[in-house]
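Asker: Sequence positions in the sequence shown follow the numbering used here and run 32 to 323. Think of the CB as a built atom: it goes at the ideal place given N, C-alpha and C, for glycine as much as any other residue. No experiment lies behind these values; they were computed from the predicted model shown. Have a look at the structure that comes next, please.
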Amino acid sequence: MLVKVGIILILLIGLIFFFWPGYPPNQFLMSFISKGSPQQQQVNNPQKDTGLENHQMPNLLNIEFKDGVDKGDETEMRKGFKLMDFTLNKLFGHSITKKSAIRVEASSSDSKFLDENGTITFVYQVLSQDWLLPKKIGSQYNMDMRSRAAAHEYIHLYQINEGCANLGSEGEKAKWFLEGVAEWLSYKAMEESGNLPFGFDGKKMILMQFQMGGGNVKLLNSYEKEISTDVSLYGYFALAVDYLVENTNIKALDNYCANIGKGQELSVAFQNAFGISLEKFYSDFEVYRKSL
Numbered sequence: 032m033l034v035k036v037g038i039i040l041i042l043l044i045g046l047i048f049f050f051w052p053g054y055p056p057n058q059f060l061m062s063f064i065s066k067g068s069p070q071q072q073q074v075n076n077p078q079k080d081t082g083l084e085n086h087q088m089p090n091l092l093n094i095e096f097k098d099g100v101d102k103g104d105e106t107e108m109r110k111g112f113k114l115m116d117f118t119l120n121k122l123f124g125h126s127i128t129k130k131s132a133i134r135v136e137a138s139s140s141d142s143k144f145l146d147e148n149g150t151i152t153f154v155y156q157v158l159s160q161d162w163l164l165p166k167k168i169g170s171q172y173n174m175d176m177r178s179r180a181a182a183h184e185y186i187h188l189y190q191i192n193e194g195c196a197n198l199g200s201e202g203e204k205a206k207w208f209l210e211g212v213a214e215w216l217s218y219k220a221m222e223e224s225g226n227l228p229f230g231f232d233g234k235k236m237i238l239m240q241f242q243m244g245g246g247n248v249k250l251l252n253s254y255e256k257e258i259s260t261d262v263s264l265y266g267y268f269a270l271a272v273d274y275l276v277e278n279t280n281i282k283a284l285d286n287y288c289a290n291i292g293k294g295q296e297l298s299v300a301f302q303n304a305f306g307i308s309l310e311k312f313y314s315d316f317e318v319y320r321k322s323l
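So this is what it looks like as structure tokens:
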């Protein structure tokens, strides 16, 4: 009897010590509950044999970081570029198909795409809002999304290679689609590599981003010919792409881009790629959006 009482007392003292505020065990538990363990902070741990670790960037692409670029930013950018190139090859069977370059500079000028003697070049400015805004949002929500921001821009480089996006925004077809695909694919790449916060997948992140945008949006077809759009709308555009892919397939995103690159009109390229008229998609998506 005395032995049982002694065991019970030891257990009670141990539990009190473990849960007592301020003690290391309690701090660890609270951290575990609020943030998840190091393993749980990711949706899935990346599989060792995914091929990502050994993936080689295309020979057609040159990446250069100028003096003054923070080493931490460089690391996250390289991670995002590599992850997105790997994902494009995995989903579409290719990524960059033309001579291209990414030049990262420590300037507050706007980031931009341009043609440098036949090379499609993306000049990424780390002191511009293109880079600072994702860093700010990430710090607010305790999520480092720098690599996802880099992955988003890498999609635009791919889109220009394919011909469905232009070096300048003028004349682009379906601006919502270009930005929506860049958001959706970057989230998918982050999800499949295990780089999203614990408890989140790409769809949840997109829904959260859409809701954070305030929901004050126009009909989707209103953004076809926009030259520039506010980043608060990107969640809305990604939501449309998510709905589109759910009812077709991922490879159709690449087929659409190729169709536009071949000179097909927007409605024809869309119908050929997704097997649904653009008008019907707009109508169906609006019903879906209102149901959320």
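Pop quiz: W207 and A180 are said to be a contact at Cβ under 8 Å. What is the actual Cβ separation, rounded to whole angstroms?
Answerer: In fact, because the Cβ distance is near 19 Å, the residues do not count as touching under 8 Å.
Asker: Name the DSSP beta bridge partners of D146, please?
Answerer: According to DSSP, which records beta bridges pairwise, D146 is partnered with I151.
Asker: According to DSSP, is Q295 helix, strand or coil?
Answerer: coil
Asker: For I133, report the span of its beta strand (DSSP E) as first-last.
Answerer: 131 to 136
Asker: Check whether the Cβ atoms of M115 and I191 lie closer than 8 Å to each other.
Answerer: no
Asker: Counting only runs of 4+ residues fully inside the segment 137 to 224, write out the alpha helix (DSSP H) ranges in chain order.
Answerer: 160 to 171, 177 to 193, 206 to 223
Asker: State the CB to CB distance for the pair S200 and S259, rounded to an integer number of angstroms; the pair is presumed to be in contact (CB under 8 Å).
Answerer: 6 Å
Asker: Kindly examine the ligand COA and report whether one of its heavy atoms sits closer than 7 Å to the Cβ of T106.
Answerer: The ligand COA is not among the ligands present in this structure, which contains no ligands whatsoever.
Asker: Quick one: any contact between the segment 300 to 318 and the segment 242 to 249, if contact means 3 or more CB pairs under 8 Å?
Answerer: no
Asker: So is N290 buried or exposed if we call it buried at 16+ other beta carbons inside 10 Å?
Answerer: buried
Asker: For the putative contact between I237 and D261, defined by C-beta atoms under 8 Å, what is the C-beta separation to the nearest angstrom?
Answerer: About 16 Å separates the two Cβ atoms, so there is no contact after all.
Asker: Identify every residue that forms a DSSP beta bridge with I94.
Answerer: I133
Asker: Work out the CA separation of V299 and S131 for me, nearest whole Å.
Answerer: 29 Å
Asker: How should D285 be labelled, buried or exposed, when 16 other C-beta atoms within 10 angstroms of its C-beta is the threshold for buried?
Answerer: buried
Asker: For the candidate residues V100, E107, Q240, whose alpha-carbon lies nearest to that of S2?
Answerer: This structure leaves residue 2 out entirely; the chain is present only between 32 and 323.
Asker: Which first and last residues belong to the alpha helix (DSSP H) in which F123 is found?
Answerer: 102 to 123
Asker: What three-state label does DSSP hand N76 in the structure shown?
Answerer: Note that N76 has pLDDT 48, beneath the 50 cutoff, so the model's placement of it is unreliable and the number below is only indicative. Of the three classes helix, strand and coil, the one that applies to N76 here is coil, per DSSP.
Asker: Cα separation between G103 and R177?
Answerer: 10 Å
Asker: By the 10 Å Cβ neighbour count, where 16 or more other Cβ atoms means buried, how is E84 classified, buried or exposed?
Answerer: The residue in question, E84, is exposed, as its Cβ has fewer than 16 Cβ neighbours within 10 Å.
Asker: Look at the alpha carbon of K110 and the alpha carbon of E255, and state the distance between them as a whole number of angstroms.
Answerer: Here the alpha carbon of K110 sits roughly 31 Å from the alpha carbon of E255.
Asker: Roughly how many angstroms lie between the CA atoms of E325 and M239, to the nearest whole one?
Answerer: The displayed coordinates of the chain run from 32 to 323. Any statement about residue 325 would go beyond what the structure contains.
Asker: F117 to H86, Cα distance in whole Å?
Answerer: 7 Å
Asker: Apply the 10 Å Cβ neighbour rule to N226 and answer buried if 16 or more other Cβ atoms are within range, or exposed otherwise.
Answerer: buried
Asker: Inspect the beta-carbon positions of V154 and K143 and report whether they are closer than 8 Å.
Answerer: The answer is yes: Cβ separation under 8 Å.
Asker: Figure out for me which residue from D146, Y265, E107, P228 has the closest Cα to the Cα of K166.
Answerer: E107
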